[in-house]
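A.B. asks: Okay, so the sequence shown: first residue is 1 according to UniProt numbering, each after it adds one.
Glycine included, C-beta positions come from ideal geometry on N, C-alpha and C.
All of these numbers come straight from a predicted model, not from anything done at the bench.
Structure provided below as structure tokens; questions to follow.
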Amino acid sequence: MVARIWEEMEVKVPASEAWKLYGSLYLAKVVVEALPDRFSKFEVIEGDGSAGTILHIFLAPGMAGPASYKEKYTVVDDERRVKEAELVEGGFLDLGFTLYRVRGEVIEKEGKKEECIVRGSIEYEVKEEAAANAALVSIEPLRALMQAAADYLTRNYNTNNV
Numbered sequence: 001m002v003a004r005i006w007e008e009m010e011v012k013v014p015a016s017e018a019w020k021l022y023g024s025l026y027l028a029k030v031v032v033e034a035l036p037d038r039f040s041k042f043e044v045i046e047g048d049g050s051a052g053t054i055l056h057i058f059l060a061p062g063m064a065g066p067a068s069y070k071e072k073y074t075v076v077d078d079e080r081r082v083k084e085a086e087l088v089e090g091g092f093l094d095l096g097f098t099l100y101r102v103r104g105e106v107i108e109k110e111g112k113k114e115e116c117i118v119r120g121s122i123e124y125e126v127k128e129e130a131a132a133n134a135a136l137v138s139i140e141p142l143r144a145l146m147q148a149a150a151d152y153l154t155r156n157y158n159t160n161n162v
């Protein structure tokens, strides 16, 4: 079973400014600080934020499921403003998933240079015998991440220029 869910959000900063956050490791720091009820910390296992970087993400105490997971950036494309990360250990992989990929895109809003669209998607594949676990996949955590990033960007764009 293969599926994909996605969400879009308008952000009132230029796409180039939004990508400075989305295309960097700083996004993880912003998200952990903004969502302490979901994430407790992250560690860079390997890399500098480019493709090949591996992060160890720790969930907040009390969250259902595994306490942590590792993800690897498989795509970080500054020209197209696209970042993809795949789970490589723990998380949904422990629940019968063979693929769990999160993709973020920052899209310039036509005719409005001071605004952009951020699109986030989750693509996953689950083994036949674990198909019921597909019901555990939700866009809500990704939506919360996108909202935390949007809040940070709009709060800091005019003052610090991210």
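Is it true that the CB of SER40 sits closer than 8 Å to the CB of PRO61?
C.D. replies: yes
A.B. asks: Going by DSSP, which residues form a beta bridge with PHE39?
C.D. replies: In the DSSP output, where bridge partners are listed per residue, PHE39 has LEU59.
A.B. asks: Where do the ends of the beta strand (DSSP E) carrying GLU86 lie?
C.D. replies: 82 to 90
A.B. asks: Whole angstroms is fine: what's the gap from GLU128's alpha carbon to GLU110's?
C.D. replies: 42 Å
A.B. asks: Is GLU89 near VAL75, with beta carbons less than 8 Å apart?
C.D. replies: no
A.B. asks: When burial is assigned at 16 or more other CB atoms within 10 Å of the CB, is ILE5 buried or exposed?
C.D. replies: exposed
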